[in-house]
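Line by line, the protein sequences give chains A and B.
Residue 387, in the working numbering, is where the first sequence stops; the numbers in between run on with no holes.
Residue 387, in the working numbering, is where the second sequence stops; the numbers in between run on with no holes.
For every residue, glycine included, the Cβ atom is placed at its ideal position computed from N, Cα and C.
Just below is one structure, and these are the notes that go with it.
Protein chains: 2
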Amino acid sequence: MTVCIIGASMTDFGRRDAWIRELLAEAGSDCLDRAGVSPKAVDHLLVSNMASGEFEGQTGIMNALAHDLGVPPAYAQRIDQTSASGGAGVYAAWQSIASGASEMTLLVGGEKMTHRNTSAATDVIASITHPVEYKHGLTLPSFAGLAARLYLDTYDAPRESLARVAVKNHANGIDNPHAQFRKEITVEEAMESPVVADPLRLYDFCPITDGSAALLFCSEDVAREYADEYVDIAGVAGATDTHVVHERTDPTTMAAVAEGGARAYERSGYGPEDVDVAELHDMFTILEFLQLEGLGFAETGRAWETTENGRTERDGALPVNTSGGLKSKGHPLGASGVAQVYELVEQLLGKAGARQVDAEVGLACNVGGFGNCVTMTIVEPGGRR
Amino acid sequence: MTVCIIGASMTDFGRRDAWIRELLAEAGSDCLDRAGVSPKAVDHLLVSNMASGEFEGQTGIMNALAHDLGVPPAYAQRIDQTSASGGAGVYAAWQSIASGASEMTLLVGGEKMTHRNTSAATDVIASITHPVEYKHGLTLPSFAGLAARLYLDTYDAPRESLARVAVKNHANGIDNPHAQFRKEITVEEAMESPVVADPLRLYDFCPITDGSAALLFCSEDVAREYADEYVDIAGVAGATDTHVVHERTDPTTMAAVAEGGARAYERSGYGPEDVDVAELHDMFTILEFLQLEGLGFAETGRAWETTENGRTERDGALPVNTSGGLKSKGHPLGASGVAQVYELVEQLLGKAGARQVDAEVGLACNVGGFGNCVTMTIVEPGGRR
Chain A
3 MTVCIIGASM
13 TDFGRRDAWI
23 RELLAEAGSD
33 CLDRAGVSPK
43 AVDHLLVSNM
53 ASGEFEGQTG
63 IMNALAHDLG
73 VPPAYAQRID
83 QTSASGGAGV
93 YAAWQSIASG
103 ASEMTLLVGG
113 EKMTHRNTSA
123 ATDVIASITH
133 PVEYKHGLTL
143 PSFAGLAARL
153 YLDTYDAPRE
163 SLARVAVKNH
173 ANGIDNPHAQ
183 FRKEITVEEA
193 MESPVVADPL
203 RLYDFCPITD
213 GSAALLFCSE
223 DVAREYADEY
233 VDIAGVAGAT
243 DTHVVHERTD
253 PTTMAAVAEG
263 GARAYERSGY
273 GPEDVDVAEL
283 HDMFTILEFL
293 QLEGLGFAET
303 GRAWETTENG
313 RTERDGALPV
323 NTSGGLKSKG
333 HPLGASGVAQ
343 VYELVEQLLG
353 KAGARQVDAE
363 VGLACNVGGF
373 GNCVTMTIVE
383 PGGRR
Chain B
3 MTVCIIGASM
13 TDFGRRDAWI
23 RELLAEAGSD
33 CLDRAGVSPK
43 AVDHLLVSNM
53 ASGEFEGQTG
63 IMNALAHDLG
73 VPPAYAQRID
83 QTSASGGAGV
93 YAAWQSIASG
103 ASEMTLLVGG
113 EKMTHRNTSA
123 ATDVIASITH
133 PVEYKHGLTL
143 PSFAGLAARL
153 YLDTYDAPRE
163 SLARVAVKNH
173 ANGIDNPHAQ
183 FRKEITVEEA
193 MESPVVADPL
203 RLYDFCPITD
213 GSAALLFCSE
223 DVAREYADEY
233 VDIAGVAGAT
243 DTHVVHERTD
253 PTTMAAVAEG
263 GARAYERSGY
273 GPEDVDVAEL
283 HDMFTILEFL
293 QLEGLGFAET
303 GRAWETTENG
313 RTERDGALPV
323 NTSGGLKSKG
333 HPLGASGVAQ
343 VYELVEQLLG
353 KAGARQVDAE
363 VGLACNVGGF
373 GNCVTMTIVE
383 PGGRR
């Protein structure tokens with residue numbers, strides 16, 4: 003069965019004066035409104051969220067959202083795959099429709115984080131890691147620093163190539179009305195920003211963000227009833243890597259990216275050469291390199307060249323992170339994977355405004371932990387399968 | 003497609019000197035061993051858990067478990083539906099197989115709670131509720147007290163009838179080697195135990211528990227390769243009620259129990275008259291009454307009579323909570339819904355030892371929050387569909 007997306011929405015990302023319940027309801031109700039679907043038509047509600055309990059002392063948010071949207075007696079469930087919770091939500095929504103369990107599944111991803119300071123938020127996120135690594139101070143940013151150092155040394159890549167990822171994604175974010183930072187930056191500014199985890203500097207990291215995004219899923223038959231234009235899920239899959247990062251043979255590759263990507267490619271019938279636009283998980287600039295390579299968009303050790311050559315810019319052969327990416331759009335954990343697919347839906351349906359590129363096949367890669375689990379979604383305009 | 007259960011396991015429930023990772027790995031690896039299935043055959047790993055972050059400061063436990071069991075690159079995801087996380091896991095596992103996303107899904111549910119005192123644990127659980135109700139002191143036990151008072155008054159039911167639920171479930175738990183309390187209690191002891199939330203007393207409440215349980219799912223074709231005996235999922239479904247309990251028209255009925263039950267009955271083709279054994283969510287004794295009525299096992303307001311008549315005892319017409327129920331077996335939140343189905347598998351395959359009853363159709367009802375979301379699973383011996 004082909005599973006379709008007939009609605010998509012996202013809130014403004016950034017520092018929001020709203021709690022998680024309000025953020026989820028904002029994206030969820032706007033998604034239903036835009037699709038012209040009544041809350042009563044929703045029979046499954048999925049909420050992608052990593053840590054509302056830890057961040058806000060509020061659990062049961064899927065039941066709260068069901069109530070706030072007016073979808074009961076619809077079934078509701080929360081999905082957590084750390085920073086890949088959104089992508090895991092897309093996979094779960096696909097399963098709910100494809101299995102026949104649901105006729106109409108609303109997925110809402112969100113996180114409320116900025117009321118905690120950066121150190122406290124980083125600590126919640128670091129609880130993803132192996133307890134032994136955590137005790138030694140290995141937060142996610144410090145893993146990124148180590149991987150970046152090894153990558154630059156191994157492949158003789160210039161430090162500036164990482165800065166170019168940030169510069170490109172900031173340039174894209176300027177045209178995204180929902181992005182947290184709509185601000186151009188230069189390679190020089192990035193290279194002179196404060197060191198966070200050597201060799202990575204402030205502009206190599208995504209910010210702490212509040213926000214939410216939503217998608218509405220159904221079968222092709224139902225999609226035709228509601229929508230003239232919609233998007234098909236061509237393939238979706240996920241994979242895990244070692245939980246202990248130091249057990250990996252080569253920390254400059256992410257096995258779960260390669261494996262999850264291979265599975266999604268196989269399910270879709272597409273390969274990297276077919277992808278026209280991609281949203282990659284640039285929580286740290288180095289991750290955009292590792293995903294470009296793991297997904298077959300660049301040779302191992304050459305993603306820095308691909309980036310410097312301009313291939314991943316908006317007018318390049320493979321625009322990457324037209325939304326601004328996590329770097330400039332922001333990274334509200336549970337929302338990010340959903341917002342990646344939102345951007346692809348907007349691009350495929352020609353609604354991306356100043357960000358619009360020419361694209362028929364889109365790919366989203368959502369990374370949990372430091373590549374501990376990765377989900378991949380490939381989409382195309384509806385009606386082709 | 004018929005989805006089958008070819009493996010089932012649970013750890014000892016109670017006060018365990020082990021962290022959540024260890025508990026999950028214990029049930030997960032034992033489940034694979036008992037089924038004779040290699041970790042490498044597992045392609046989806048689901049972890050039902052409400053609050054490892056809040057209870058233990060550890061998140062990403064599905065990735066940790068994947069690593070500990072040796073299932074990578076299998077996909078992994080955590081499922082949260084508060085105290086119904088286990089039942090939600092069964093529903094998600096069903097969807098993963100029925101959709102074709104997975105050929106072999108391992109579900110492990112667990113929670114580590116006893117290192118926190120009862121007040122702290124109750125507070126984590128109370129974060130499920132609506133913030134306004136929470137601020138007024140409405141924890142789950144206090145909701146139960148209010149509902150019990152209203153039920154006893156409305157239906158002129160004797161207080162002793164609630165005690166009989168506890169006495170029955172304790173009697174069953176004596177024969178469950180994994181139960182937290184293997185101890186007979188009398189109606190008199192229950193009636194004289196300390197008041198917790200008037201009219202409910204200590205013996206009306208399940209304990210705080212550590213523990214884990216696991217189930218292994220696949221299609222019928224795959225089941226036949228691995229197992230001579232297995233169990234089929236005849237129907238599984240879920241439903242939500244209002245998040246704000248005081249908005250319910252009648253707090254002595256649980257709309258999500260009735261609706262979730264109706265959906266599972268419809269999918270299975272069975273009705274309440276076909277069910278031979280049931281595991282109900284007796285987190286509080288009053289909940290066993292509300293579920294007996296909501297699922298059609300007793301007339302509204304008459305579950306207390308059904309209980310006093312002995313119909314739900316092990317030698318009655320409809321044995322309820324042969325495992326000992328949450329009351330005596332214990333209630334490690336994310337594990338409970340999985341352990342309910344474990345008990346049904348043992349009963350249907352004739353492996354329940356001293357607890358064995360004559361049963362061909364079993365039903366599990368797992369309640370999230372105070373009936374905010376409920377999941378229902380109906381199982382039968384394999385090969386009939």
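For residue i, report the span of its alpha helix (DSSP H) as first-last.
{"i": "B/Phe145", "result": "Leu142 to Tyr157"}
{"i": "A/Ser330", "result": "Gly327 to Lys331"}
{"i": "A/Val169", "result": "Arg161 to Gly175"}
{"i": "A/Val322", "result": "Premise fails: A/Val322 is in no alpha helix (DSSP H) and is neither H nor E."}
{"i": "A/Ala53", "result": "Segment: none, A/Ala53 is in no alpha helix (DSSP H) and carries neither H nor E."}
{"i": "B/Asp125", "result": "Thr120 to Ala128"}
{"i": "A/Tyr136", "result": "Pro133 to Lys137"}
{"i": "A/Glu307", "result": "Ala305 to Glu310"}
Run the CB neighbour count on residue i, radius 10 Å, all protein chains shown included, and call it buried at 16 or more, exposed below.
{"i": "A/Ser40", "result": "exposed"}
{"i": "B/Lys42", "result": "exposed"}
{"i": "A/Asp206", "result": "buried"}
{"i": "A/Gly430", "result": "Here chain A has residues from 3 to 387 only, and residue 430 of chain A is not among them."}
{"i": "A/Thr308", "result": "buried"}
{"i": "B/His138", "result": "exposed"}
{"i": "B/His248", "result": "exposed"}
{"i": "A/Arg386", "result": "exposed"}
{"i": "A/Asn119", "result": "exposed"}
{"i": "B/Val381", "result": "buried"}
{"i": "B/Glu275", "result": "exposed"}
If you run the structure through DSSP and keep just helix, strand and coil, what is residue i?
{"i": "A/Arg265", "result": "helix"}
{"i": "B/Glu281", "result": "strand"}
{"i": "B/Gln83", "result": "strand"}
{"i": "B/Met256", "result": "coil"}
{"i": "B/Ala78", "result": "strand"}
{"i": "B/Val73", "result": "coil"}
{"i": "B/Gly16", "result": "strand"}
{"i": "B/Ala29", "result": "helix"}
{"i": "A/Leu297", "result": "coil"}
{"i": "A/Thr287", "result": "helix"}
{"i": "A/Ser11", "result": "strand"}
{"i": "A/Arg226", "result": "helix"}
{"i": "B/Arg36", "result": "helix"}
{"i": "B/Val246", "result": "coil"}
{"i": "B/Ala181", "result": "coil"}
{"i": "A/Trp21", "result": "coil"}
{"i": "B/Tyr272", "result": "coil"}
{"i": "B/Glu58", "result": "helix"}
{"i": "A/Pro209", "result": "coil"}
{"i": "A/Gly102", "result": "coil"}
The beta strand (DSSP E) that contains residue i, what's its start and end?
{"i": "A/Leu48", "result": "His46 to Ser50"}
{"i": "A/Arg386", "result": "Note, A/Arg386: premise wrong, no beta strand (DSSP E); not H, not E."}
{"i": "B/Val198", "result": "Val197 to Ala199"}
Taking DSSP's pairing of strands, which residues face residue i in a bridge?
{"i": "B/Thr188", "result": "According to DSSP, which records beta bridges pairwise, B/Thr188 is partnered with nothing at all."}
{"i": "A/Thr377", "result": "A/Gly240 and A/Asn368"}
{"i": "B/Gly112", "result": "B/Ser214"}
{"i": "B/Asp234", "result": "B/Cys6 and B/Glu382"}
{"i": "A/Thr107", "result": "A/His46 and A/Phe219"}
{"i": "A/Arg203", "result": "A/Val197"}
Using a beta-carbon distance below 8 Å, is residue i in contact with chain E?
{"i": "A/Val246", "result": "Among the protein chains of the structure shown, namely A and B, there is no chain E."}
| task | List in chain order: all unbroken beta strand (DSSP E) runs of 3+ residues lying wholly within the stretch 329-362 of chain B. | result | Within the stretch 329-362 of chain B, no complete beta strand (DSSP E) run reaches 3 residues.
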